[in-house]
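Engineer: Here the sequence shown is numbered in our numbering, starting from 283 and rising by one per residue. I have a structure here, written as structure tokens, and I will follow up with some questions on it.
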Amino acid sequence: MMGLPLAFTEPLLLIGLVSLPVLWWLLRVMPPRPRRIEFPPTRLLFDIAPREETPSRTPWWLTALRLLAAALVIFAAAGPIWNPQMGLAASKAPLMIMLDDGWSAASNWDTRIRAADELIANAENDRRGIALVPLSEPNRDITLMPAGAARVALRQIVPKPYSVERVETLTAIDRFLKATGDCEIAWLSDGVDTGRGEEFVAGLGRTMGDRSLTLFEGGASSPLALVAAENAAAKMTVKVLRTDSGILAGTVRALDQKASPIGEARFTFGPQDKEVDAAFDLPVELRNDISRLEISGERSAGAVQLLDKRWRRRAIGIVSGSTSETSQPLLAPTFYLTRALAPFADVRLADKGAPQQGITQFLDQKLPMIILADVGTVAPDLRERLNAWIAQGGVLVRFAGPRLAQAEDDLVPVKLRKGGRTLGGSLTWEKPQHLASFTADGPFAGVVVPKDVTVSRQVLAEPDAVLATKSWASLEDGTPLVTGEHRGKGIVSLFHVSADMRWSDLPMSGTFVEMLRRVVDMSGYTAKPGPGVVTEATAETLAPLHMLDGFGAFGPPPATAKPLTADYRDRATPDHPPGYYGPAEGPLAVNTLAAADRIAALNTAPLHARRATYTNAEPRDLRGWLLSTSLALFLIDALIVALLGGGLAALLRRRAAPAIILLGVLLAGVAVLSPTPSRADGVSDEFAMKSTSQTRLAYVVTGNADVDSIVKAGMSGLTLFLAQRTALEAGDPVGVDPARDELAFFPLIYWPIVPGQPKPPQDAINKIEAYMKQGGTVIFDTRDAVEAPPGDNGAAQTPGMQALREILSSLDVPELEPVPREHVLTKTFYLLRDFPGRFNSGQTWVETLPREDDDESAQRPARGGDGVSPIIITSNDLAGAWALRPDGQPMLPLTPGEPRQREFAYRAGVNIVMYTLTGNYKADQVHAPALIERLGQ
């Protein structure tokens, strides 16, 4: 304060200094003690009643006021502490600290670490040994250590992203307590029971015996969790769980693969509710882009729900070979299939015409699943396309009918007999058959078999050695009802009955809906493909890709993470932490909690323990407040004495003008010292109006005068070139400070890296990261391509690149790659091969985009993702090449100075600006002919 090394924990108390002049003034009001002089004529004045009287004794309320002030001084001298830390019992025995470190402890992790720190400090004062027991590590060796080592070990403990099985640590705790003997125990609990809480509490009570236990619980907000996300027909819902009535409402955010927000959903708990649904009422196209749901403000892996292809509403095409839908649409196969699939899929009906045209239509649309209802013969060329589509992962479901019964087709899982089998007719002895129970290892396992469903006609399969392995459902007589097999990455399935009511009443049952749901789940991932699928294709193994930590943030896979099978559907475990597994273009999501999991408050009532809350870890000294209150009471007492004595009124009559002047000075001082937010708001509004009135490019002000002047001139030169060559008439570029200015107004920010400068503050880094997450693009230019030493890794060893690495270490940067030749950035306005600046030897890096297959790449000469790369890195000093002097001449020379190097540098800038403004529209097929012609392909 005022240049002195002085600070105050309660600076508001300094306002009491203003009362010192007032106290001095009041003390002067008290009249001096009167002198006694014997004067006989004074007796004549006794009978005159005085205008003002002073009471002969102090009023009781004034005495009570003075007693209260004195009591406050006594309390202050006693050193009162609000929320005192509940220390452990007075003991010299070692201290064992048990720490809940599962996902449910992450949201208040700092509070728990602070409480553990204070326990270690108290034990250090008593020279006691300390043992740390994280309850997520049952195989950890529990040993006593000094306080310093305990603090280091405590900082190394982080919350785990999965549920902790506390019971598994009881063996190690029992072994330690038997070896140690007398020991004091402190348990920092998260208060959440995820399954076996009662068993652990009972086991801990037996294990600790008569030892002292201090249990920390309460005082911190209870965790929230997300489970059972479902992409229904009209909206996506997810269940929000809680353990108590602490949190009443909140928001669930939906993000896409690039962490860009898609939508928000509010949830509100009732007084007794332990779970509630949050609903996203969004178009299905947006809902299919959601890859992550998270609770705003909740930092834990349990508050995150990762989604993959299984949560997408799959588009299913239906082609019917029947003509009955024209005359009787409510009896057509498409009617029953549409009603059964609508709750969990987007159904598309083929345009009216030949079935071949409908199949071609859906193959061109690249649908993941196609249903053929009584479609007989398929043209040879179309059959080849279907086989190739199935091999790449498509799911083909066929329904029998008169046409299929007479056709010869290899697009079925089993060889069929011509004709069919009729049951229950006037010329047959056999009665309609009921369904048999579904096999436990088939795709329909667990589905209830209806007793009232009968089959009156079916197509029969030729018996062979593998028929039983391909049968997913059968009739009571053993003949197959549904068969299927795996072909390549896809599946071919056949219902041996029709999709309408002509051959069976299965389409009218709820079992039909559930069976179709199971088949739809196979498009993308096969939950339980059944024996026939397993025998022809081994279950795929998926390696860890991106993992969640305990706080719900993505990171690299830990060394303990193991691959899992593609049909994994369980909750996360230590071997399989939550996150994404498998290829980047189609990963499998594993979540902290399974859809059926629920959380509850941990019942610790059976434990004989001292209770403490986490709020006790923040004590507050009340002496300052009590002394201030006492001073205020003494001032009030002095004011009352002055009023009773009449001196204050006399003083005001004599000195009214000075009192008014003094009051005016005090009010003026308060007005001067008070903040003036209106001026700041005016400056902020002026900056916002300037930045949004026109499209403007921005650059980061580095503080280096030479660099900033060159960059400003370069951005101005690029703005002028844009106005001359394109339709964009941008305003003057704006220099920004990421820590202070709003960045959302600018589509592009150019950041020149200056080696040797200190790393920007974390607030600036956070704002840059938020800007990139919300769609902005930052160009990091190290401007040192010519300084790179020779070698493959020379560019990474320059001082500018080292400074950039330090900045990027705090940013969530996506995977990068050199700009590929087919990238949209090379074609947004000019056709470019590279992006030179003042130098042309450096590489330009952008976010890595998933590669497409060769066939599609050949048809699409420009490749792009869903959006724009949030980061572009170069070392070619783009702004140096764009910079112009006031007379319009280049400010800096070029290296090596090729004839058109500066022109191509400007063109590179135009492409970058157009890329950030228009996105990847050049990747659309509508531009393919023009691009192919220009490229000479």
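Glycine is no exception: its CB is placed at the ideal position from the N, C-alpha and C atoms.
#1: Starting from V1128, follow its DSSP beta bridges and name the residues at the other end.
#2: Could you check whether T1064 and A1085 sit closer than 9 Å to each other, using their CB atoms as the reference points?
#3: Taking M1054 as part of the beta strand (DSSP E), name the residues at either end of that continuous run.
#4: Three Cβ pairs or more, each shorter than 8 Å: is that satisfied between the region 451 to 458 and the region 386 to 406?
#5: What residues are listed by DSSP as bridge partners for N513?
#6: Taking Cβ positions, are S1242 and W785 nearer each other than 9 Å?
#7: Hey, which unbroken runs of the beta strand (DSSP E) at 3 residues or more fall wholly within the region 842 to 886?
#8: Applying the 10 Å Cβ sphere with the 16-neighbour rule, what's the burial state of D1023?
#9: Assign W232 to one of two classes, buried (16 or more other C-beta atoms within 10 Å of its C-beta) or exposed (fewer than that).
#10: For I572, which three-state DSSP category applies?
#11: When you compare only the Cα positions, how much space is there between K374 and D392?
#12: Which whole runs of the alpha helix (DSSP H) in the region 526 to 602 are 4 residues long or more, in chain order?
#13: In the DSSP assignment, find the beta strand (DSSP E) that holds G1017 and state where it starts and stops.
#14: Between V730, T721, I773 and T736, which lies nearest to W754 when the distance is taken from Cα to Cα?
#15: Compute the distance between the beta-carbons of L776 and V679, then report whether it is under 9 Å.
#16: Sort out for me which residues DSSP pairs F1062 with in a bridge.
#17: Of all the options G1201, Y896 and A891, which has the alpha carbon lying nearest to the alpha carbon of T496?
#18: Once DSSP output is grouped into helix, strand and coil, what is the label at Y981?
#19: Between the region 553 to 565 and the region 758 to 778, do three or more beta carbon pairs fall short of 8 Å?
#20: Just list the alpha helix (DSSP H) runs in the region 648 to 693, keeping only unbroken ones of 4 residues or longer that don't cross its boundaries, in chain order.
#21: Would you kindly work out how many angstroms separate the C-alpha atoms of M283 and K1041, rounded to a whole number?
#22: Between A1161 and M997, is the Cβ-Cβ spacing less than 9 Å?
#23: What is the DSSP secondary structure of P314, reduced to helix, strand or coil?
#24: According to the Cβ coordinates, are G411 and P376 closer than 9 Å?
#25: Taking the beta carbon of W241 as the centre, do at least 16 other beta carbons fall within 10 Å, making it buried, or is it exposed?
#26: Tell me whether P695 sits in a helix, a strand or coil according to DSSP, three-state version.
#27: In whole angstroms, what is the alpha-carbon distance linking G579 and I356?
#28: Hey, would you say V601 sits closer than 9 Å to F644, going by beta carbons?
#29: Assign R784 to one of three DSSP states: helix, strand, or coil.
#30: Check whether the Cβ atoms of A882 and V522 sit closer than 9 Å, and answer yes or no.
#31: Just to confirm, are M797 and V729 a CB contact at a threshold of 9 Å?
#32: How many Å lie between Y863 and A871 at the Cα?
#33: Hey, out of P625, I577 and A1009, whose CA is closest to L588's CA?
#34: Is it buried or exposed, D967, if we count other Cβ atoms within 10 angstroms and call 16 or more buried?
#35: Per DSSP, what kind of secondary structure is T1110 in: helix, strand or coil?
#36: Run through DSSP, which three-state label would G463 get?
Structural biologist: Taking the coordinates as given:
#1: Taking the sequence shown and counting its residues from 1, one reaches residue 1128 at position 846. E1099, per the DSSP bridge assignment.
#2: For this step, residue 1085 is matched to residue 803 along the sequence shown. For this step, residue 1064 is matched to residue 782 along the sequence shown. Cβ distance < 9 Å, so A1085 and T1064 count as in contact.
#3: By one-based count along the sequence shown, residue 1054 stands at place 772. Careful: M1054 lies outside any beta strand (DSSP E), inside the alpha helix (DSSP H) at Q1044 to K1055.
#4: no
#5: In the sequence shown, residue 513 corresponds to position 231, counting from 1. Paired residues: M518.
#6: It is not possible to answer for residue 1242, since the shown part of the chain is limited to 283 through 1219.
#7: 861 to 863 and 870 to 872
#8: For the purposes of this step, residue 1023 is identified with residue 741 of the sequence shown, where counting begins at 1. So D1023 counts as buried.
#9: With the chain running from 283 to 1219 in the structure shown, residue 232 is simply not present.
#10: For this step, residue 572 is matched to residue 290 along the sequence shown. Reduced to three states, the DSSP call for I572 is coil.
#11: Taking the first residue of the sequence shown as position 1, residue 374 is located at position 92. Taking the first residue of the sequence shown as position 1, residue 392 is located at position 110. For K374 and D392, the distance between alpha carbons rounds to 28 Å.
#12: 566 to 570
#13: The residue you call residue 1017 lines up with position 735 of the sequence shown. From DSSP, the beta strand (DSSP E) with G1017 extends over V1016 to V1018.
#14: Within the sequence shown, numbered from 1, the residue matching residue 754 stands at position 472. Taking only the C-alpha atoms, the option nearest W754 is T721.
#15: The count along the sequence shown starts at 1 and reaches residue 776 at position 494. The count along the sequence shown starts at 1 and reaches residue 679 at position 397. In contact: L776 and V679 (Cβ atoms closer than 9 Å).
#16: By one-based count along the sequence shown, residue 1062 stands at place 780. In the DSSP output, where bridge partners are listed per residue, F1062 has W1033 and I1155.
#17: Indexing the sequence shown from 1 puts residue 496 at position 214. Cα-wise, what sits closest to T496 is A891.
#18: As a position in the sequence shown, residue 981 is number 699, starting the count at 1. Y981 falls in the strand class under three-state DSSP.
#19: no
#20: 662 to 673 and 684 to 688
#21: If you number the sequence shown from 1, residue 283 lands on position 1. If you number the sequence shown from 1, residue 1041 lands on position 759. With a pLDDT of 42 at M283, under the threshold of 50, the predicted position of this residue should be treated as unreliable, though the coordinate-derived value follows. Going from the Cα of M283 to the Cα of K1041 covers about 27 Å.
#22: For the purposes of this step, residue 1161 is identified with residue 879 of the sequence shown, where counting begins at 1. For the purposes of this step, residue 997 is identified with residue 715 of the sequence shown, where counting begins at 1. It is a contact, given that the beta carbons lie within the stated cut-off.
#23: Working through the sequence shown from its first residue, we reach residue 314 at position 32. Because P314 sits at a pLDDT of 48, beneath the cut-off of 50, its placement in the model cannot be relied upon, and the following sentence gives the value as read from the coordinates. Note: P314 maps to coil in three-state DSSP.
#24: On the sequence shown, position 129 is the one that residue 411 refers to. On the sequence shown, position 94 is the one that residue 376 refers to. Closer than 9 Å, so yes.
#25: As shown, the chain starts at 283 and ends at 1219. That puts residue 241 outside it, with no answer to give.
#26: By 1-based counting over the sequence shown, the position of residue 695 is 413. The answer is coil: DSSP assigns P695 none of H, G, I, E or B.
#27: Here the question's residue 579 lines up with position 297 in the sequence shown. Here the question's residue 356 lines up with position 74 in the sequence shown. Near 44 Å, if we compare the C-alpha coordinates of I356 and G579.
#28: As a working note, residue 601 is residue 319 in the sequence shown. As a working note, residue 644 is residue 362 in the sequence shown. Yes; because the gap between Cβ atoms is below 9 Å, this pair is in contact.
#29: In the sequence shown, counting from the first residue as 1, residue 784 sits at position 502. Here R784 sits in coil by DSSP.
#30: As a position in the sequence shown, residue 882 is number 600, starting the count at 1. As a position in the sequence shown, residue 522 is number 240, starting the count at 1. No; because the gap between Cβ atoms is not below 9 Å, this pair is not in contact.
#31: Within the sequence shown, residue 797 is the residue found at index 515, counting from 1. Within the sequence shown, residue 729 is the residue found at index 447, counting from 1. Going by C-beta atoms, M797 is nearer than 9 Å to V729.
#32: Here residue 863 refers to the residue found at position 581 when the sequence shown is read from its first residue. Here residue 871 refers to the residue found at position 589 when the sequence shown is read from its first residue. Answer to the nearest angstrom: the Cα atoms are 7 Å apart.
#33: As a first step, residue 588 is located in the sequence shown; it is residue number 306 there, counting from the start. Answer by Cα proximity: I577.
#34: Stepping through the sequence shown from its first residue, residue 967 is reached at position 685. D967 comes out exposed.
#35: The residue given as residue 1110 occupies position 828 in the sequence shown. Here T1110 sits in coil by DSSP.
#36: As a first step, residue 463 must be located in the sequence shown, where it is residue number 181. Coil at G463, not helix or strand.
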